[in-house]
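This report refers to the structure that appears directly beneath it.
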Amino acid sequence: MPDMMDTLVWFNGRTVPLREAQINILTHALHYGTGVFEGIRGYWSQDAEELFLVRCEEHYQRWKTNCRMLGIEPEKPAEELAELTAELIRLNGFRTDVYARPLAYMSSPRIGVRPDGKFDFAVIAVPFGVYIDSSKGLHAGIVSWRRLEDHALPARGKICGAYVNSVLATTEAHRHGYDEAILLNESGHVAEGATCNLFMVRHGRLITPPPSDNILEGITRTSIFELARRELHMEVIERSIDRSELYCCDEVFLTGTAVEVAPVTRIDHIPVGSGRIGAVTAHLRELYSQAVHGRIVDYHTWLHPCYQPMHVHSR
Ligand SMILES: Cc1ncc(COP(=O)(O)O)c(C=O)c1O
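Here this note's numbering runs 25 ahead of the position in the sequence shown, where the first position is 1.
And the structure:
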């Protein structure tokens, strides 16, 4: 069993073993949550003998935009950052599913919230399997914590400090015996899960809350838009969702880099639709899995191969 601490990571401009990637106890980001991160999955395909990073450049694009909200200006373009991540995977020789975690953070060891413009950047990639087993459907619960409001802390920002909201929601959900939390926003509409976006199927349409309902603008969410429209010919609508609609819709599922496409079969102990995994959810889940493993040529544009360049078909 390899020691995880031997994993090579990118840390402040160098590749070092994880055990050497240390920060000072007074680091600004540790005290004030002033970091911006990403989560990127890579899937190993045995058939192709390739590891595909999923929508890697989009993740870095989002990360760069989000960094700007905190006044952090990363220099490297998204393409270079995607290649840096692929290089880390090659250096570690990973031939398994992985999760990559880029993190920019205010790095000065000092007391006081006022930023001094100094930040550092790390990328850690580790082997990573199933985040939450949703194969039989999840039981989700609406928690009492509300999703962050944009005028207090940008929900779209993937800012470290904002994840205390997700931690509180997850803790409450688990304490009540649920697998996953659903958060409402201040206006009482459904926002999202603790670390994932939410979709429902109602009257044959796929519906999901708009960004203005304080969601994180998920990249998996946009992948699902594409799959639903192109492959299922379904109408996808972004609109606010009432809490009670979750109790009378046909299907609910969650999406995210970590959770992938996770069916929700009960909410607050009430069965969703039939109480079994619905047909639309099952279909999208399968399509997504095929696409990210490189098995559908039309979606090769989503993938960044780590070991060999891929011939990408233009659409
Ligand atoms: C709060 C939150 N919402 C939604 C998502 C889903 O986003 P993505 O599909 O880009 O992983 C995530 C995960 O990154 C998240 O942390």
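We put the CB at the ideal spot given by N, CA and C, even for glycine.
Going by the CB atoms, is the gap between L252 and L173 shorter than 8 Å?
Walking along the sequence shown from the start, residue 173 turns up at place 148. Walking along the sequence shown from the start, residue 252 turns up at place 227. Not closer than 8 Å, so no.
In the DSSP assignment, find the alpha helix (DSSP H) that holds T90 and state where it starts and stops.
Reading the sequence shown from its first residue, position 65 is the one you call residue 90. Annotation for T90: the continuous alpha helix (DSSP H) segment containing it runs 81-94.
Local Cβ density within 10 Å of H329, reported as buried at 16 or more and exposed below that
Counting from one through the sequence shown, the residue named residue 329 turns up at place 304. H329 is buried by the Cβ-count criterion.
Which residues in the same chain as R115 place their Cβ atom closer than 8 Å to its Cβ, once the five residues preceding and following it in sequence are excluded?
As a first step, residue 115 is located in the sequence shown; it is residue number 90 there, counting from the start. For R115, where only same-chain residues beyond five positions count, the Cβ hits under 8 Å are C331, Y332.
Residue burial classification, N91 (beta-carbon count within 10 angstroms, cutoff 16):
As a first step, residue 91 is located in the sequence shown; it is residue number 66 there, counting from the start. Burial call: buried.
Using 7 Å as the cut-off, classify the Cβ of C185 as near or not near the heavy atoms of ligand 1, replying yes or no.
Sequence index remark: in the sequence shown, residue 185 carries index 160 (1-based). It does not: the Cβ of C185 is nowhere closer than 7 Å to a heavy atom of ligand 1.
Completely contained alpha helix (DSSP H) runs for the segment 245-321, where each covers 4 or more residues:
Within the segment 245-321, the complete alpha helix (DSSP H) runs of at least 4 residues are 270-273, 304-317.
Any idea if K101 is buried or exposed, counting beta-carbon neighbours within 10 angstroms, 16 or more meaning buried?
As a working mapping, residue 101 is identified with position 76 in the sequence shown. By the 10 Å Cβ count, K101 comes out exposed.
Whole angstroms is fine: what's the gap from A165's alpha carbon to S191's?
Residue numbering aside, residue 165 sits at position 140 when the sequence shown is read from its first letter. Residue numbering aside, residue 191 sits at position 166 when the sequence shown is read from its first letter. Distance between the alpha carbons of A165 and S191: 14 Å.
The alpha helix (DSSP H) enclosing E108, as first and last residue numbers:
Within the sequence shown, the letter at position 83 stands for residue 108. Unbroken alpha helix (DSSP H) run through E108: 103-117.
So, at 7 Å on beta carbons, what are the nonlocal neighbours of S339 in its own chain, with the 5 sequence-adjacent residues on each side left out?
For the purposes of this step, residue 339 is identified with residue 314 of the sequence shown, where counting begins at 1. Note on S339: pLDDT 43, under 50, position unreliable in the model; the coordinate value appears next. Closer than 7 Å at the Cβ level, and outside the excluded window around S339, lies no residue.
Please determine, among N49, L271, P296, the residue with the shortest C-alpha to C-alpha distance to H214.
Counting from one through the sequence shown, the residue named residue 214 turns up at place 189. The residue among N49, L271, P296 with its C-alpha nearest the C-alpha of H214 is L271.
Confirm the yes/no value for this check: CB of T282, any heavy atom of ligand 1, distance under 7 Å.
Numbered from its first residue, the sequence shown carries residue 282 at position 257. Within the cutoff, so yes.
How far does the alpha helix (DSSP H) with N190 in it reach, from first residue to last?
On the sequence shown, residue 190 is found 165 positions in, with the first residue counted as 1. Looking at the DSSP string, the run of the alpha helix (DSSP H) that includes N190 is 188-200.
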